[in-house]
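Protein chains in written order, with our numbering: chain A, 2 to 402; chain B, 2 to 402.
Just so it is clear, CB atoms sit at the ideal spot from N, CA and C, and this is done for glycine as well.
For clarity, every value in this text was computed on a predicted model and none was experimentally measured.
Down below is the structure, laid out as structure tokens.
Number of protein chains: 2
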Amino acid sequence: MDMHELTRELKTQNESKILLLVADGLGGLPQQPGGLTELETANTPHLDELAKRGVCGSSIPVKPGISPGSGPGHLGLFGYDPIQYTIGRGALEATGIGFELGEQDVAIRCNFCTLDNEGRIVDRRAGRIPSEESAPLAVRLRDVQIDGVEVFVEPVKEHRFVVVLRGPGLEGNVADTDPQATGVPRLKPQATDEGSRRTAEVAAEFVRQADQLLADQAKANGLTMRGFSGRPNLPSYEEVYGLRAAAVAVYPMYKGLAKLAGMQIVGQAQTLADQVDVVRAHWQEFDFFFVHFKYTDSTGEDGDFDAKVAQTEAFDAAIPGFMQLGPTVTIVTGDHSTPSMLASHSWHPVPTLLAAEHCRTDACERFGETECLRGGLGQFEAKYLMPLALANAGRLAKYGA
Amino acid sequence: MDMHELTRELKTQNESKILLLVADGLGGLPQQPGGLTELETANTPHLDELAKRGVCGSSIPVKPGISPGSGPGHLGLFGYDPIQYTIGRGALEATGIGFELGEQDVAIRCNFCTLDNEGRIVDRRAGRIPSEESAPLAVRLRDVQIDGVEVFVEPVKEHRFVVVLRGPGLEGNVADTDPQATGVPRLKPQATDEGSRRTAEVAAEFVRQADQLLADQAKANGLTMRGFSGRPNLPSYEEVYGLRAAAVAVYPMYKGLAKLAGMQIVGQAQTLADQVDVVRAHWQEFDFFFVHFKYTDSTGEDGDFDAKVAQTEAFDAAIPGFMQLGPTVTIVTGDHSTPSMLASHSWHPVPTLLAAEHCRTDACERFGETECLRGGLGQFEAKYLMPLALANAGRLAKYGA
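Right under this line is the structure:
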């Protein structure tokens, strides 16, 4: 079921403002069975107040048991079914470094590798070459020239870089050239469908020229290509929800994901306080604001329970600044759980609250994993949050007569 | 959404053990409104302890309001969408008597019937002929000989028996020959698609020869055929989950259902204590164990509240034996509810618990229908239990980057 078939038909306009506050990796686990999670341990008076007057629940990012990456996690929150819509790995890598993909683009994750005299792979990651050495090599590869194709090469980190091929007739269905083994030659780029044959030819020509440009290198004298993918074709927020949407994020990945959904990136915020200021400065121009807070995830990924508690409290402290703007609908959630006990993304449902005048509040008194189990939103798939936001904003007409 | 598309892609291997304990028909109803169910009445200290340290919820076997038979009930628990995957009635009847269907088989539920001199049905069940009389007649029908087809005839009970036709080019889409009325002749086997024409011809020939073999009988001088069906084509546990799966069941039906999912039947258990021993004996060989306990269902079907309470307590008493093996993930659930007040399968959600180190426990203190409503698994379709089991076992990689 594509909810956008309904929202497209039912969407209406008014003066309401919707605020989606995403604390990345918000959900957690207790340090011992029966204990409190990071969110439950944190002192969060402002979130508790919102939970008390709002309606709470547990968001399942994709499906029960599935631990999502940032891509599917955010697609769900933005209301795009994260199974129906996928973002190829090349496209996500390009998005993550702030490269804005166009409709004629194919993005490719590339690794520098070490080849022997016979062209066999000796090291699949070029000895994990440091970024200071690899970035100039990626820039050197911008000298590759291919007729009818615009070539972009962007450094990422260590042995990783991104190539984007732009031109008519390029599609993304080309197999990886990394054989996932050493002592063997690289694979040739092979199209897996008719429409991607030109891409495979262009990729092969890129490799040929790149090998020449890297021939003088000891470690990084070759490259492999993975995750060929075009720009994911998401319908825009404007089209499916009738919302002028703004994204206020610090990291390129989340700006990129928002841009794929047709949101406009506003401001240059570096801190939560900056983010409050940016939202305030643009309050009249947009109907919807996506605010992304990274550090609840990164501290969870680090396995640092106390640091995640502290970042949760920092997030809480920013809430009044947002509330002073008087949003019609405020949602606080995460794109997935990142329990510090697991030091990774997990499948656990994410505590979620929605505050709005007619949200029909529940018995929840605080914001936390166990308390949210009593909430009026129940357990729900993340993709239903946007329809709920629109409904609470008075932006969805009646379905059927 | 077919969850197997995700589990196939994301499955990984480790040393974990998953234990699925199914108390058939576990869910119940109180004897009067506001009273306790069978499970809530039973003294179940070990299940309560698991519920306390695990995460609880209510499993919806198929969809809300749908009372499943054993087939769809178990398919859901095994993670096969019970609407997408169906087991034909002939195939289920064959499975229930322990007949192992092959890929070239078509199974048919047959009834002995009484025909008059003109071939019209006088009694659709041959006077409910007792099994002692009908079984030898079924065996007599093994004398039917049809070119190019292997014919199996197996007694079931009273007027019921099973015919399996085995051979190339046989498909299961043939209409029932029982006209569901007396005073009229039987219908001829009619194929409902091109691929099943040969099956219809073979079935007609079977009936012709069988009528001759039964001509001397007063009651059972004919037969009708229903529920033509091939072997259901389920992908295996190994393929969709990467699990080496064992089934420890007493009754042929549940062994058969497990075998259809690619599980290996182990041991010759007759009691719960035997089942503990069998699981222990095979603990190192398998990743997953399905243990089936029948008597919570059969006592419910008998409408015997007290007996169901007693069987629930017997089930509880076996829990420590299983726990001593140290499973990574333990699930306790049922394939459906069988309230003794209804003396039948019902649609009510089934109390369910999942215990594992990182399951994120909830506020549930006991194992019971009402308590499970507060649980962290919420209400969920049974088909999501297997992805949750895999996630808790650390056997699912992240979805998307």
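Listing by chain order, which chain B residues have their CB less than 8 Å from the CB of residue i?
| i | result |
| --- | --- |
| residue 342(A) | 359 |
| residue 73(A) | 400 and 401 |
| residue 405(A) | Summary: the structure shown does not reach residue 405(A), with chain A confined to residues 2 through 402, and so no result is reported for it. |
What span of residues does the beta strand (DSSP E) with residue i cover, start to end?
| i | result |
| --- | --- |
| residue 166(A) | 161 to 167 |
| residue 113(A) | 106 to 116 |
| residue 51(B) | Careful: residue 51(B) lies outside any beta strand (DSSP E), inside the alpha helix (DSSP H) at 46 to 54. |
| residue 367(A) | Where residue 367(A) is concerned, there is no enclosing beta strand (DSSP E), given that its DSSP letter is neither H nor E. |
| residue 23(A) | 19 to 24 |
| residue 225(A) | 223 to 231 |
| residue 380(A) | 379 to 382 |
Between the Cα of residue i and the Cα atoms of the options, which residue gives the shortest distance?
| i | options | result |
| --- | --- | --- |
| residue 141(B) | 213(B), 203(B) and 394(B) | 213(B) |
| residue 200(B) | 138(B), 118(B) and 147(B) | 147(B) |
| residue 117(A) | 187(A), 106(A) and 169(A) | 187(A) |
| residue 86(B) | 276(B), 32(B) and 233(B) | 233(B) |
| residue 103(A) | 82(A), 144(A) and 173(A) | 173(A) |
| residue 99(B) | 251(B), 136(B), 167(B) and 6(B) | 251(B) |
| residue 20(B) | 366(B), 326(B) and 385(B) | 326(B) |
| residue 75(B) | 258(B), 202(B), 191(B) and 145(B) | 258(B) |
| residue 322(A) | 94(A), 197(A), 384(A) and 48(A) | 48(A) |
| residue 390(B) | 308(B), 249(B) and 12(B) | 12(B) |
| residue 205(A) | 145(A), 263(A) and 269(A) | 145(A) |
| residue 229(B) | 166(B), 249(B) and 216(B) | 166(B) |
| residue 101(A) | 169(A), 253(A) and 53(A) | 253(A) |
| residue 298(A) | 345(A), 385(A) and 261(A) | 345(A) |
| residue 178(A) | 226(A), 202(A), 171(A) and 168(A) | 226(A) |
| residue 286(B) | 88(B), 123(B) and 265(B) | 265(B) |
| residue 381(B) | 182(B), 77(B) and 36(B) | 77(B) |
| residue 184(A) | 237(A), 170(A) and 120(A) | 120(A) |
Within its chain, find whatever has a CB closer than 8 Å to the CB of residue i; leave out the 5 residues flanking it on each side and keep chain order.
| i | result |
| --- | --- |
| residue 17(B) | 288, 329, 330, 394, 395 and 396 |
| residue 28(A) | 38, 40, 335, 337, 338, 339, 340, 347, 349, 350, 351, 352 and 370 |
| residue 15(A) | 394, 395 and 396 |
| residue 357(A) | 55, 329, 330, 331, 393 and 394 |
| residue 218(A) | 138 |
List the residues of chain B that residue i touches, going by C-beta distances under 9 Å, in chain order.
| i | result |
| --- | --- |
| residue 90(A) | 401 and 402 |
| residue 102(A) | The contacting residues do not exist; residue 102(A) stays about 15 Å from chain B at best. |
| residue 93(A) | 401 and 402 |
| residue 84(A) | 2, 6, 7 and 400 |
| residue 374(A) | 363, 364, 375, 376, 377 and 379 |
So residue i is in the alpha helix (DSSP H); what residue range does that whole segment cover?
| i | result |
| --- | --- |
| residue 90(B) | 90 to 97 |
| residue 72(B) | 71 to 78 |
| residue 207(A) | 198 to 214 |
| residue 4(A) | 4 to 11 |
| residue 371(A) | 370 to 373 |
| residue 42(A) | 39 to 42 |
| residue 390(B) | 386 to 393 |
Once you ignore the five residues that flank residue i on each side, which residues in its own chain have a CB closer than 6 Å to its CB?
| i | result |
| --- | --- |
| residue 139(B) | 154, 156 and 162 |
| residue 283(A) | 247 and 267 |
| residue 342(A) | 30 |
| residue 41(A) | 369 |
| residue 274(A) | none |
| residue 224(A) | 111, 113 and 211 |
| residue 372(B) | 365 |
| residue 4(B) | 388 |
For a contact defined as C-beta to C-beta under 9 Å, what are the partners of residue i on chain A?
| i | result |
| --- | --- |
| residue 362(B) | 31, 34, 35 and 371 |
| residue 397(B) | 66, 67, 68 and 348 |
| residue 389(B) | 65, 66 and 348 |
Whose C-beta lies closer than 7 Å to the C-beta of residue i among residues of the same chain, with five residues either side of it excluded?
| i | result |
| --- | --- |
| residue 45(A) | 313, 314, 317 and 368 |
| residue 136(B) | 156 |
| residue 279(B) | 249, 267, 268 and 270 |
| residue 222(B) | 115, 116, 215 and 216 |
| residue 379(B) | 58 |
Find the residues of chain A that neighbour residue i, judging by a C-beta separation of less than 7 Å, and give them in chain order.
| i | result |
| --- | --- |
| residue 20(B) | Residues of chain A passing the Cβ test: none, with the nearest at roughly 17 Å. |
| residue 54(B) | 34 |
| residue 328(B) | Under the 7 Å cutoff, chain A gives no residues; its nearest Cβ is about 16 Å from residue 328(B). |
Which chain A residues sit within Cβ distance under 8 Å of residue i?
| i | result |
| --- | --- |
| residue 385(B) | 64, 65 and 66 |
Quick one: which chain B residues come within Cβ less than 7 Å of residue i?
| i | result |
| --- | --- |
| residue 379(A) | 379 |
Counting only runs that start and end within the region 118 to 185 of chain B, where is the beta strand (DSSP E) found for 3 or more residues in a row? 122 to 124, 151 to 158 and 161 to 167
Taking the runs of the alpha helix (DSSP H) that are 4 residues or longer, which of them lie wholly in the region 284 to 350 of chain A? 296 to 302 and 306 to 324
Pick out the complete beta strand (DSSP E) segments inside the region 243 to 284 of chain B, 3 residues or longer, and give them in chain order. 246 to 249
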